[in-house]
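Colleague: So in numbering that gives the first Met the number 0, spot 157 of the sequence shown is number 156, and the numbers just go up one at a time.
C-beta: ideal position from N, C-alpha, C; glycine also.
One structure, pasted below without further comment.
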Amino acid sequence: MKAFIENLPKAELHLHIEGSFEPALMFKIANRNKIDIPYKSVEEIEKAYKFNCLQDFLDIYYQGASVLITAQDFYDLTYSYLQKCATQNVRHTEIMFDPQTHTERGIEFKTVINGISKACEDAKENLGVTSLLIMSYLRHLSEEEAFKTLAQSIPFKDKITAVGLDSSEKGNPPSKFKNVYEASIKEGYIPVAHAGEEGNADYVWEALNLLKIKRIDHGNNALQDEKLIEEIKKRDLALTVCPLSNTALQVVTDLKDHPLKKMMNLGLKVTINSDDPAYFGGQVNQNFIEIQKALNLTKADIYELVKNSFQYSFLDDKTKQIYLTELENYYKLNN
Ligand code: ADE
Ligand code: ZN
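Next comes the structure, spelled out in structure tokens:
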């Protein structure tokens, strides 16, 4: 089963590039920029990565991201993640980045986007991994700040496919960002949002009805509301589920209690993703391996999840079909 999972061609649809920042690279970039970080060793970092909730994690995540200064730093961060994609048979990835985490510290928007997008171009050329970018607004900041970010993004519109919403969910409902989502959609960005990770089903309703999202990041708490489940199915929206993130942030106590299989049985379209792999103990393949074991998933279940990852990506239909055919051929030979 492990080899079956590892060799499957797959897509990742929920990944924060700042959350892919491995300790070794963090040390290297911090040194290069002569920035002190509050850890002396990888062991100290690993000890600090124990979280009781989303906010615990976010505090450490923003601190880690603060050593990123130059376009080269953003390039190295992104290319390093894309190399991991190549070794895991991730053919396509949809990468979230948080411009405000950096512009708030005085880093220019163009520095961030140029470094990240150059790495994506090189990875397509050198590694055969395709990618697209999701610009995520930080929901603990104001809508006015999000509007500033939207304006900064316009000269780079051709490099960005979608907008997302992340950071501290509770107390920052989707309704806070209704206007900036409307404006983002007018600019041609596809709307997605984190919803129902720590927030309740009402947050998911708002993301659907006010932000008009085309995909739900996490969505675990949608299961609290039967009508909502039906609405998600009616709108044919996929949920980008992140098992190891859910246990690391105590959204789910134990992987054995994870609602993934329940979601699938309800007819929801689900994908498996790593969220912030450097912080939560595993890349996307590790997420598949651990959730398969915990829930006793079959090869057919895994195939369904991976098929969804291409089907519910924002790729054009022709490229989707190429990946889906490759996947189907692999499954026929290995089932
Ligand atoms: N930013 C990075 N990872 C996140 C998560 N899992 N939830 C909300 N915001 C995030
Ligand atoms: Zn996330």
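Taking the beta carbon of residue 266 as the centre, do at least 16 other beta carbons fall within 10 Å, making it buried, or is it exposed?
Modeller: With fewer than 16 Cβ atoms within 10 Å of its Cβ, residue 266 is classed as exposed.
Colleague: With 16 other CB atoms within 10 Å as the buried threshold, where does residue 170 fall?
Modeller: exposed
Colleague: Compute every distance between the C-beta of residue 216 and the non-hydrogen atoms of the ligand ZN, then say whether any falls below 7 Å.
Modeller: yes
Colleague: Would residue 98 be called buried (16 or more neighbouring beta carbons within 10 Å of its own) or exposed?
Modeller: By the Cβ neighbour-count rule, residue 98 is buried, with 16 or more other Cβ atoms within 10 Å of its own.
Colleague: Nearest to residue 56 by CA position, among 333, 247, 324 and 254, is which residue?
Modeller: 247
Colleague: Along the beta strand (DSSP E) that carries residue 79, what are the first and last residues, could you check?
Modeller: Element bounds for residue 79: not the beta strand (DSSP E) but the alpha helix (DSSP H), 70–86.
Colleague: Expressed to the nearest angstrom, what Euclidean distance is found between the alpha-carbon atoms of residue 67 and residue 114?
Modeller: 11 Å
Colleague: For a test of the three-state rule: what should DSSP assign to residue 96, helix, strand or coil?
Modeller: strand
Colleague: Sorry if obvious, but does the Cβ on residue 280 come closer than 7 Å to a heavy atom of the ligand FAD?
Modeller: Although the ligand FAD was asked about, the structure shown includes only the ligand ADE and the ligand ZN as ligands.
Colleague: Thinking C-beta only, is residue 259 closer than 8 Å to residue 269?
Modeller: yes
Colleague: Which full runs of the beta strand (DSSP E) of 3+ residues lie inside the stretch 205–285, going along the chain?
Modeller: Scanning the stretch 205–285 for uninterrupted beta strand (DSSP E) segments of 3 residues or longer gives 214–217, 237–240 and 268–271, listed from N- to C-terminal end.
Colleague: Measuring CB atoms only, is the stretch 221–237 touching the stretch 274–281, in the sense that at least three cross pairs come out at less than 8 Å?
Modeller: no
Colleague: Provide the residue span of the alpha helix (DSSP H) that contains residue 331, from first to last.
Modeller: 316–333
Colleague: Should residue 60 be listed as close to the ligand ADE, given that the test is whether its C-beta is under 7 Å from any heavy atom?
Modeller: yes
Colleague: Measuring from the CB of residue 193, is there a heavy atom of the ligand ADE at a distance below 7 Å?
Modeller: Checking every heavy atom of the ligand ADE against the Cβ of residue 193, one is found closer than 7 Å.
Colleague: Would you mind reading off the limits of the alpha helix (DSSP H) that contains residue 126?
Modeller: 108–126
Colleague: If we ignore side chains and look at the alpha-carbon of each, how far apart do residue 314 and residue 53 end up?
Modeller: Whole-angstrom Cα-Cα distance: 30 Å.
Colleague: Does the stretch 19–30 come within contact of the stretch 130–144, defined as at least 3 CB pairs closer than 8 Å?
Modeller: no
Colleague: Taking contact to mean at least 3 C-beta pairs separated by less than 8 Å, is the stretch 31–39 in contact with the stretch 220–234?
Modeller: no
Colleague: Tell me the DSSP bridge mates of residue 198?
Modeller: DSSP, once it has assigned bridges, lists no residue as partnering residue 198.
Colleague: My understanding is that residue 164 touches residue 93, with C-beta atoms under 8 Å, so please give their C-beta distance in whole angstroms.
Modeller: About 15 Å; that fails the 8 Å criterion.
Colleague: Classify residue 0: buried if its beta carbon has 16 or more other beta carbons within 10 angstroms, exposed otherwise.
Modeller: Residue 0 is classed as exposed because its beta carbon has fewer than 16 other beta carbons within 10 Å across all chains shown.
Colleague: Is there at least one non-hydrogen atom of the ligand ZN closer than 7 Å to the beta-carbon of residue 224?
Modeller: no
Colleague: Determine the DSSP secondary structure at residue 41, reduced to helix, strand or coil.
Modeller: In this structure, residue 41 counts as helix in the three-state DSSP scheme.
Colleague: Determine the burial state of residue 77: buried for a count of at least 16 other Cβ atoms within 10 Å of its Cβ, exposed for fewer.
Modeller: buried
Colleague: Would residue 212 be called buried (16 or more neighbouring beta carbons within 10 Å of its own) or exposed?
Modeller: Buried is the label assigned to residue 212, since at least 16 other Cβ atoms lie within 10 Å of its Cβ.
Colleague: Applying the 10 Å Cβ sphere with the 16-neighbour rule, what's the burial state of residue 197?
Modeller: buried
Colleague: Please determine whether the Cβ atom of residue 165 lies at a distance below 7 Å from any heavy atom of the ligand ZN.
Modeller: yes
Colleague: Find out if the Cβ-Cβ distance for the pair residue 241, residue 307 is shorter than 8 Å.
Modeller: no
Colleague: Could you check if residue 109 is buried or exposed, using at least 16 other CB atoms within 10 Å of its CB as the buried criterion?
Modeller: exposed
Colleague: Could you give the first and the last residue of the continuous beta strand (DSSP E) run that contains residue 9?
Modeller: Judged by DSSP secondary structure, residue 9 falls within the beta strand (DSSP E) whose first and last residues are 9–15.
Colleague: Looking at residue 283: is its Cβ nearer than 8 Å to the Cβ of residue 87?
Modeller: yes
Colleague: Apart from the five residues just before and just after residue 322, which ones in its own chain have a Cβ nearer than 6 Å to its Cβ?
Modeller: 90 and 309
Colleague: When DSSP labels each residue in this structure, what does residue 129 get in the three-state scheme?
Modeller: DSSP places residue 129 in strand when its eight states are reduced to three.
Colleague: Flag residue 15 as yes when its Cβ comes closer than 7 Å to any non-hydrogen atom of the ligand ZN, and as no otherwise.
Modeller: Distances taken from the Cβ of residue 15 to the heavy atoms of the ligand ZN include one shorter than 7 Å.
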